[in-house]
Amino acid sequence: FMAQPDWSKNPSQIVQYASCHDNYTLMDKIILSTKKTGIDAEAIKMNNLAAAVYMTSQGIPFIHAGEEFLREKLEEDGGRSENSYNASDFVNHLDWNDLVKYADNVAYYQGLIAFRAANPALRYATSAEVKANVHNLVTEANMLVYRVDANGTADKNDEDILVIFNAGGAARTVDLPEGEWTIYVNDKKAGTQALGTAEGSVTVAGISAMVLTQGEIEVKPTFCHMTLDGNGGVLPSGKQTVTYSVKVGYS
1 FMAQPDWSKN
11 PSQIVQYASC
21 HDNYTLMDKI
31 ILSTKKTGID
41 AEAIKMNNLA
51 AAVYMTSQGI
61 PFIHAGEEFL
71 REKLEEDGGR
81 SENSYNASDF
91 VNHLDWNDLV
101 KYADNVAYYQ
111 GLIAFRAANP
121 ALRYATSAEV
131 KANVHNLVTE
141 ANMLVYRVDA
151 NGTADKNDED
161 ILVIFNAGGA
171 ARTVDLPEGE
181 WTIYVNDKKA
191 GTQALGTAEG
201 SVTVAGISAM
211 VLTQGEIEVK
221 PTFCHMTLDG
231 NGGVLPSGKQ
241 TVTYSVKVGY
251 S
């Protein structure tokens, strides 16, 4: 808790997040910090940049319920609750209407999750692997660029990753390492579908993240088993069951 290096030596001991049940929601914090009167386009950009930071970090990502649809904890007098452990449902409820209202934002979070799941280089298990494969390229005011090499992953076909965070309000042009890079995350979309390619340099929109890989990533399907009855429900214990193999792919 005091950030001492002997407390958390490996990524598996670190939880990365931008908001949780304690303190303000991410959107409430953004609105209060910037002295806005409510959610606007710039606040949404800040929210999604924060999400991109922890979703591309080594360690265990943690998403506070509702952050993907810009959850606020508004009190009856219009204030914003910082510590709602003893507050009413009026403050703590999840407004599912926002799931539809901010559907594009929800899709952005889904895309970040899918990209992370498809790239093992974002999930190194030891500090030694992180030190060997994560390299800062640019560290300056409002701009961070780092590269994650896939040399330490089990599959030698995994792609190297370039992560760019532009916290400034204006677009920035960033020089790229040698070769062609494929864009999977930008200021509007995220996922495992290529959004374009870049070589030499790339322009990153203000208050946004861009994530690229050296080539096209391979989305690996996973398999699970489900026990269902003929109507699609789980059979009661003791009755005959049928097992189906269900193929799950990332999109």
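Numbering-wise, my numbering puts 91 at position 91 of the sequence shown, and it's gapless, one number per residue.
Where is the CB? At the ideal position from N, CA and C, for every residue including glycine.
Selection 119, 92, 131 and 49 evaluated against residue 167 yields 49 as nearest (Cα-Cα). Under the three-state reduction of DSSP, residue 165 is assigned to strand. Distance between residue 130 and residue 191, taken at the CA atoms: about 23 angstroms. Between residue 53 and residue 74, the C-beta spacing is not below 9 angstroms. For residue 147, the secondary structure class from DSSP, reduced to helix, strand or coil, is strand. The C-beta distance from residue 30 to residue 46 rounds to 5 angstroms, short enough to meet the 8 angstroms contact threshold. Using a C-beta cut-off of 8 angstroms, the region 175 to 191 makes contact with the region 107 to 120, since at least three inter-stretch Cβ pairs fall below that distance. Between residue 17 and residue 58, the gap from beta carbon to beta carbon reaches 9 angstroms or more.
Around the beta carbon of residue 6, a 10 Å sphere encloses fewer than 16 other beta carbons of the protein chains shown; the residue is thus reported as exposed.
Out of 101, 159, 172 and 151, the CA that lies nearest to the CA of residue 180 is found in 159. About 5 angstroms separates the Cβ atoms of residue 146 and residue 163, confirming a contact at the 8 angstroms cut-off.
With three or more CB-CB distances shorter than 8 angstroms, the region 82 to 90 counts as touching the region 22 to 29. Under the three-state reduction of DSSP, residue 81 is assigned to coil, being neither helix nor strand. The C-alpha of residue 156 is placed about 43 angstroms away from the C-alpha of residue 94. The three-state secondary structure of residue 14, taken from DSSP, is coil. When the five nearest sequence neighbours on each side are left out, the beta carbons in the same chain lying within less than 8 angstroms of the beta carbon of residue 154 are those of 120, in order along the chain. Cβ-Cβ separation between residue 206 and residue 171: approximately 5 angstroms, consistent with a contact (criterion under 8 angstroms). Taking 9 angstroms as the cut-off, the beta carbon of residue 43 is found closer than this to the beta carbon of residue 34.
When only Cα atoms are considered, residue 105 and residue 208 end up about 13 angstroms apart. Distance check between residue 19 and each of 141, 210, 32 and 65 places 65 closest, using alpha-carbon atoms only.
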